[in-house]
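Below: one structure, written as structure tokens.
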Ligand SMILES: [Zn+2]
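Residue numbers (this note's numbering): 7 to 299.
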């Protein structure tokens, strides 16, 4: 059992790290990809990696800067491009220094959902933030290409809008030169892009959303993706699956890697297969993508 996208650096993870890892291990968990999303959490991700080196459950690291980070430069009354340049230069340096320690690049990508939803952002500003997000994402794809690391990509747009996924695919194929692999984590965008994503050699990350009664669109996506291209993930501590969400007596009310079990059960139902088969295949997928011998 493997969790291909978790944030152990969120407060929930930091406060209960031992309990979370033990629960996963007892459930048969083998690997977690712990994903950084900002300059601060990237450092914490490396610290967790080092502190758990001798653990039975292997915690791998991904370092990246989430597209939402760009918004944080809005309130800063200086040149945003300069500000982002500084952040990216420091990020590049961190990756160079720790290239042997990290398994993937990300979380990175594009998020137009939040900026399109924010009435305080003007049309002009929206375009500028999109441009900055694209520049930031391009840097990640370049770094992934240079170090031959897989990407863990976030893409989110307003329902029914596709410019985010189209921009992301353009960047991956152009900058990645067809040589970069990875996963589109928590994929909830239009199913019509699945063929192109698979064609680029990428995987689709499926998390707790698949267990939600209303998430018919995600179950449709799962039906379309061949099992050998599915990665299970939790996006811990976000998106706890249905049973955890509705069980008020459980020791935690947030997502944790152990939830892969419930996610696998739902995926097995959708695929009309066995849970064991889903866990076995997605574990092989994880190892093929993130482990280099
Ligand atoms: Zn994430």
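The beta carbon of each residue, even a glycine, is placed where N, CA and C say it ideally should be.
The straight-line gap separating the alpha-carbon atoms of residue 244 and residue 260 is approximately 6 Å. Residue pairing from DSSP places residue 211 in a beta bridge opposite 237. DSSP places residue 187 outside both helix and strand once states are collapsed to three, so it counts as coil.
Shown here, residue 11 sits in a strand according to DSSP, grouped into three states. Each residue's CA atom was taken as its position, placing residue 151 and residue 256 some 43 Å apart. When distances are taken from the beta-carbon of residue 11 to the heavy atoms of ligand 1, the shortest one is below 7 Å. Ranked by how close their Cα comes to the Cα of residue 38, the residues 12, 85, 295, 144 have 12 in first place. With a cut-off of 8 Å on Cβ pairs, the region 50-68 is in contact with the region 99-109, counting three or more such pairs. Distance from residue 120 to residue 74 at the Cβ level is roughly 6 Å; contact confirmed, criterion being Cβ atoms closer than 8 Å. In the DSSP annotation of this structure, the continuous segment of the beta strand (DSSP E) that includes residue 111 starts and ends at 110-117. Here DSSP, grouped into helix, strand and coil, assigns residue 71 to coil. In the displayed model, residue 162 falls within a strand according to three-state DSSP.
Using a cutoff of 7 Å, the CB of residue 146 does not count as near ligand 1, since none of the ligand's heavy atoms is closer than that. Of the heavy atoms belonging to ligand 1, at least one sits nearer than 7 Å to the Cβ of residue 191. With contacts defined by Cβ atoms closer than 8 Å, residue 228 and residue 276 form a contacting pair. The nearest non-hydrogen atom of ligand 1 is 7 Å or more from the C-beta of residue 212.
Put simply, the backbone Cα of residue 9 is about 15 Å away from that of residue 15. Linking residue 223 to residue 103 through their CA atoms gives a straight-line distance of about 41 Å.
Boundaries of the beta strand (DSSP E) around residue 38: 37-41. In this structure, residue 117 has its beta carbon at no less than 7 Å from each heavy atom of ligand 1. Residue 273 carries a helical assignment under DSSP once its states are collapsed to helix, strand and coil. Per DSSP, the unbroken alpha helix (DSSP H) holding residue 229 starts and ends at 222-230. Annotated as distal: residue 263 and residue 287, with beta-carbon spacing of 8 Å or more.
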